[in-house]
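If you're matching them up, the sequences are chains A, B and C in order. With positions in the first sequence counted from 1, the corresponding number in this note's numbering is that position plus 96. With positions in the second sequence counted from 1, the corresponding number in this note's numbering is that position plus 238. With positions in the third sequence counted from 1, the corresponding number in this note's numbering is that position plus 1132.
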Amino acid sequence: MQMKSMEFTVGLFVVAGLLALAMLALKVGNIHVLGAGQTYAVTADFNNIGSLKSKAPVTVAGVRVGEVAAITVDPITYRAVVTLDILKKYRFPRDSSASIVTAGLLGEQYVSLSPGGSRHDLKNGGKIRITQSAIVLEQIISQLLYSKAGHS
Amino acid sequence: MSAITRVTAGIQHLGRRVIDGTSRLGRATLFLARLVPGLGAVLLRARLIVQQLYMTGVLTLVIILVSGAFVGMILALEGYNTLVKYDAQSSLGLLVALSLTRELGPVLTALLFAGRAGSALTAEIGLMKATEQLAGMEMMAVDPLVRVVAPRFWAGWIAVPLLAMIFTAVGILGAYVVAVGALGLDGGVFWSQMQSGVSVTNDVMGGLIKSAVFGFVISWIAVFEGYDAKPTSEGVSRATTRTVVSSSLAILGLDFIMTAFMLRGL
Amino acid sequence: MDTTIKSEPLVAVRGVSFFRDGRPIFRDLHLTVAPGSVTAIMGGSGAGKTTLLSLIGGRLEPHTGEVQVAGEVVGSLPRKALFALRKRMGMLFQSSALLTDLDVYENVAFPMREHTRLPEALIHHLVLMKLELVGLRGARGLYPAELSGGMARRVALARAIALDPMMVMYDEPFTGLDPISMGVIVKLIRDLNDALGMTSIIVTHDVSEACTIADYIYLLGDGHVIAEGTPAEMQKTNSPEVRQFMAGLPDGPVAFHYPANEYMADIRAEVGS
């Protein structure tokens, strides 16, 4: 009987460990966020993506609707091509715009969508034409300094 | 003259330490090689491993739960104080989760395990040797490597990754309680930032791999030191100390090496 | 009984030498143990008595010569065959060597569980039978830490005979026991030997107990057998070594002093340095 209660405790222990792993994978990590087949992909070209990384959130009005799937460089235009996976339940007009913004001063960068007014929606493989690149802090600072220097 | 002799003695001492250390490492490796067949054989007797999982894993659980919760809560407080200066407190969840999954969870769990369970393993095996229990088993045609050492080795190896996952999960929950309950952060932001920044394949799995390596090394050191101990009370107590010291050093050294490899591999 | 003693020996030690840290423990040691007998191996502390048991049990290998048990050369046996042979040998350690995390019942059941696939009910019968033989059936639920030295040794004895071995080796079975426990062990060794048809090898330095139960005595000294015979022969001998040991005289052929330089020379050397 003693052995049985010990076996039971050990079983609980192993289950607790596996549950913790499951929590880390599902709740802390991002395995569940976008299941395959529940999203459609659109691309957007940016002049500069700053420090945007894949898996970064895609939001509308602060609500998460998808994530960055891939970031590549167009070999001809040398612009950054960002692929966004967006949940199928959200539809956006074709003339929506995308901008890269920062959470807080030094926080993570993410993609924010602003819906347009077109009657046609973006489809899988579609392209967002109006984009605003990331604001790079160093550029702003140097602009500020040079303009100051120019004035004096 | 005395200065020269002192330097000579110092160098001689250093040389002896190096030779001692190297020969210990060699003996530990030979011991592991002898243990391998036993590791296979004992799998047929899962009950022995379950028993040891109780002794090593379950009995270490309390200290892991308490430490994990506190480490998470401290991380939340400290992290918040720094992040809030840059208006980046929304990244607090991410900061805590990355610190715990990649480093603190595996490393602190391993250090606590070495102190709590590793030392007990060494002392137990050493005492069995000192009281002729191992010799008695051999004379009863029972291989102590299979009956005594192998189940303890397996149990330690299995327990550490499980404990590390529990430590990390509890730590994140502790940080959540402090961040949302005491510091007034938004719960949704806490989790969503975390999810956007924590990679399952790199961070969670990386931590799991680290803790599995730590579990292997601690168990190996603990059973070797116990089996190799001088069969006296002094010998056993020395072996116990050596287990804690060597495993702690091994954990930190290996952590550095693995982190370097994992970051480069990304 | 004479006929059994004359038959093929169960244990034969032939020309064995054994060194530890370069120091000779045995040099050209010869002795035999007849099946069915109680053989006592005696000698002073440090005469290598326990080492001899380790050689017979195959835990150590002789550097020269060979040890035969039941016709097999122990030192060169592969592990599997050695373990098979050990199942037929019991050994009683001086420290009893009971497994501290198991109770008395499980300690006696241990060899059966490890080596047989007997049903639980049969193991139960066998364990109680062995414990009854040593008079400790009532102590089956106690843990080794709760036993007195004499009781622990009796449990260890029950465990040593758990698999009905052909022979049992006793390492200093009389040391550290009160007179009653000692009497119990002496009686048990003789009774079990005769009742179960075993062979017993007793390593001891207790002269009177050995003389009480042994059929044959070997006296070890200086790495080899210095005298052998039945207890009666040993008592009567004129050899000064044997007389010193049997009567427990402080000085004699085995000197009181550890070999040293001349006393006064040693003192002067100390002062001079």
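No residue lacks a Cβ here, since even glycine has one placed at the ideal position from N, Cα and C. Please read these numbers as outputs of a predicted model, since none were measured by experiment.
To the nearest whole angstrom, what separates the beta carbons of C:E1198 and C:R1159, a pair I think is in contact under 8 Å? The count along the third sequence starts at 1 and reaches residue 1198 of chain C at position 66. The count along the third sequence starts at 1 and reaches residue 1159 of chain C at position 27. About 15 Å separates the two Cβ atoms, so there is no contact after all.
Roughly how many angstroms lie between the CA atoms of C:V1318 and C:P1141, to the nearest whole one?
What you label residue 1318 of chain C is simply residue 186 of the third sequence in a count that begins at 1. What you label residue 1141 of chain C is simply residue 9 of the third sequence in a count that begins at 1. About 24 Å.
Please state the DSSP three-state secondary structure of A:K289.
Outside the displayed span of chain A (97 to 248) sits residue 289 of chain A, for which this structure offers no information.
| task | May I have the straight-line CA-CA distance separating C:V1148 from C:L1192, to the nearest angstrom? | result | Your numbering for residue 1148 of chain C matches position 16 in the third sequence. Your numbering for residue 1192 of chain C matches position 60 in the third sequence. Going from the Cα of C:V1148 to the Cα of C:L1192 covers about 12 Å.
| message | Taking the straight line between their C-alpha atoms, what separation do you get for C:M1223 and B:E362? | response | The sequence position of residue 1223 of chain C within the third sequence is 91, counting from 1. The sequence position of residue 362 of chain B within the second sequence is 124, counting from 1. Their Cα atoms are separated by approximately 23 Å.
task = Given a cut-off of 8 Å, decide if B:V482 and B:S357 are closer than it, judged by their beta-carbon atoms.
result = Numbered from its first residue, the second sequence carries residue 357 of chain B at position 119. Numbered from its first residue, the second sequence carries residue 482 of chain B at position 244. Their beta carbons are under 8 Å apart, which means B:S357 touches B:V482 by this criterion.
State yes or no: is the beta carbon of A:G162 nearer than 8 Å to at least one beta carbon in chain B?
To locate residue 162 of chain A, count along the first sequence from 1; it is residue 66. By this cut-off, A:G162 is not an interface position.
In this structure, does DSSP put C:Q1376 in helix, strand or coil? As a position in the third sequence, residue 1376 of chain C is number 244, starting the count at 1. Reduced to three states, the DSSP call for C:Q1376 is helix.
Closer than 6 Å by C-beta to B:A388: which residues in its own chain qualify, once you throw out the five before and the five after it? Chain order, please. Looking up residue 388 of chain B in the second sequence gives position 150. Excluding residues within five positions, the ones whose Cβ falls inside 6 Å are G276, L277 and V280.
**Request:** Kindly indicate which three-state DSSP category A:R160 falls into: helix, strand or coil?
**Result:** Within the first sequence, residue 160 of chain A is the residue found at index 64, counting from 1. If DSSP states are grouped into helix, strand and coil, A:R160 belongs with the strands.
**Asked** Out of C:P1276, C:A1387, C:V1206 and C:F1306, which has the shortest C-alpha to C-alpha gap to C:D1233?
**Response** As a position in the third sequence, residue 1233 of chain C is number 101, starting the count at 1. With distances taken between Cα atoms, C:D1233 lies closest to C:P1276.
Rounded to the nearest angstrom, how far is the Cβ of B:G444 from that of B:F405, given a contact under 8 Å?
Within the second sequence, numbered from 1, the residue matching residue 444 of chain B stands at position 206. Within the second sequence, numbered from 1, the residue matching residue 405 of chain B stands at position 167. The Cβ separation is near 15 Å, so there is no contact.
Margin query: Does any residue of chain C have a CB that is nearer than 8 Å to the CB of B:Q371?
Written below: Here residue 371 of chain B refers to the residue found at position 133 when the second sequence is read from its first residue. Yes, contact with chain C.
- Give the residues of chain A in contact with B:I410, contact being defined as C-beta atoms less than 9 Å apart. Residue mapping note: residue 410 of chain B aligns to position 172 of the second sequence, counting from 1. Correct list: M119, L120, K123 and V124.
Check each residue of the segment 144-155 of chain A: if its Cβ is closer than 7 Å to any Cβ of chain B, include it; give the result in chain order. K151, A152 and P153
Exercise. Are the CB atoms of C:P1363 and C:C1343 nearer to each other than 8 Å?
Worked result: Here the question's residue 1363 of chain C lines up with position 231 in the third sequence. Here the question's residue 1343 of chain C lines up with position 211 in the third sequence. Result yes, Cβ atoms of C:P1363 and C:C1343 sit closer than 8 Å.
Whole-number beta carbon distance between C:A1294 and C:M1244, since they are thought to touch under 8 Å: Within the third sequence, numbered from 1, the residue matching residue 1244 of chain C stands at position 112. Within the third sequence, numbered from 1, the residue matching residue 1294 of chain C stands at position 162. That pair is a contact at about 6 Å.
Exercise. Whole beta strand (DSSP E) runs in the segment 1292-1373 of chain C with 3 or more residues, listed along the chain?
Worked result: 1299-1303, 1331-1336, 1348-1353 and 1356-1361
Could you give the first and the last residue of the continuous alpha helix (DSSP H) run that contains C:E1238? By 1-based counting over the third sequence, the position of residue 1238 of chain C is 106. Where C:E1238 is concerned, the enclosing alpha helix (DSSP H) stretches over V1236 to H1247.
*Spell out the partners DSSP gives A:A166 in its beta bridges.*
Mapped onto the first sequence, residue 166 of chain A falls at position 70. For A:A166, which the question treats as bridged, DSSP gives the partners A:T179.
Taking Cβ to Cβ, would you say C:V1240 is nearer than 8 Å to C:K1262?
-> If you number the third sequence from 1, residue 1240 of chain C lands on position 108. If you number the third sequence from 1, residue 1262 of chain C lands on position 130. Yes, Cβ-Cβ distance for C:V1240 and C:K1262 is below 8 Å.
*asked:* List, in chain order, every chain A residue whose beta-carbon is nearer than 9 Å to that of B:G435.
replied: Along the second sequence, read from residue 1 onward, the residue named residue 435 of chain B stands at position 197. Correct list: N126, K149, K151, A152 and E204.
* Neighbour-count burial assignment, B:T267, 16 or more Cβ in a 10 Å radius -> Here the question's residue 267 of chain B lines up with position 29 in the second sequence. With fewer than 16 Cβ atoms within 10 Å of its Cβ, B:T267 is classed as exposed.
Notebook entry, point to check: So the alpha helix (DSSP H) B:P275 belongs to, where does it begin and stop?
Noted result: By one-based count along the second sequence, residue 275 of chain B stands at place 37. Run containing B:P275: S240 to A279, per the alpha helix (DSSP H) assignment.
- Message: Using 8 Å as the threshold, is the C-beta distance between C:I1157 and C:G1355 below it?
- Response: As a working mapping, residue 1157 of chain C is identified with position 25 in the third sequence. As a working mapping, residue 1355 of chain C is identified with position 223 in the third sequence. Their beta carbons are under 8 Å apart, which means C:I1157 touches C:G1355 by this criterion.
Buried or exposed, going by whether 16 or more other CB atoms sit within 10 Å of the CB of B:M366?
In the second sequence, residue 366 of chain B corresponds to position 128, counting from 1. With 16 or more other Cβ atoms within 10 Å, it is buried.
field: Proximal chain A residues relative to B:G295, where beta-carbon distance stays under 9 Å
entry: Within the second sequence, numbered from 1, the residue matching residue 295 of chain B stands at position 57. Those within 9 Å of B:G295 in chain A are V106, F109, V110 and G113.
Determine, for B:M432, whether the minimum Cβ-Cβ distance to residues of chain C falls below 8 Å.
Counting from 1 along the second sequence, the entry for residue 432 of chain B is found at position 194. By this cut-off, B:M432 is not an interface position.
With three or more C-beta pairs closer than 8 Å as the rule, is the segment 281-300 of chain B touching the segment 105-115 of chain A? yes
Margin query: By alpha-carbon positions, which one of C:G1190, C:T1369, C:G1308 and C:S1371 ends up nearest to C:M1283?
Written below: In the third sequence, residue 1283 of chain C corresponds to position 151, counting from 1. Selected option, being the one with the closest Cα: C:G1308.
Does the pairing of the segment 184-197 of chain A with the segment 132-145 of chain A give three or more beta-carbon distances under 8 Å? yes
| said: For B:I363, report the span of its alpha helix (DSSP H) as first-last. | reply: Stepping through the second sequence from its first residue, residue 363 of chain B is reached at position 125. Residues S357 to A368.
Residue from B:Y324, B:L336, B:F452 and B:G422 with nearest C-alpha to B:V438: As a first step, residue 438 of chain B is located in the second sequence; it is residue number 200 there, counting from the start. Selected option, being the one with the closest Cα: B:L336.
Does the beta carbon of B:W395 sit closer than 8 Å to a beta carbon anywhere in chain A?
Along the second sequence, one-based indexing puts residue 395 of chain B at 157. It does not: the Cβ of B:W395 has no partner Cβ on chain A nearer than 8 Å.
7 Å Cβ shell around C:N1325 - same chain, five flanking residues per side excluded: In the third sequence, the residue the question calls residue 1325 of chain C occupies position 193. Only V1170 and S1332 meet the Cβ criterion.
Exposed unless 16 or more other CB atoms sit within 10 angstroms - verdict on A:P153: Here residue 153 of chain A corresponds to residue number 57 of the first sequence, with the count starting at 1. Looking at its Cβ environment, which holds 16 or more other Cβ atoms inside 10 Å, A:P153 is buried.
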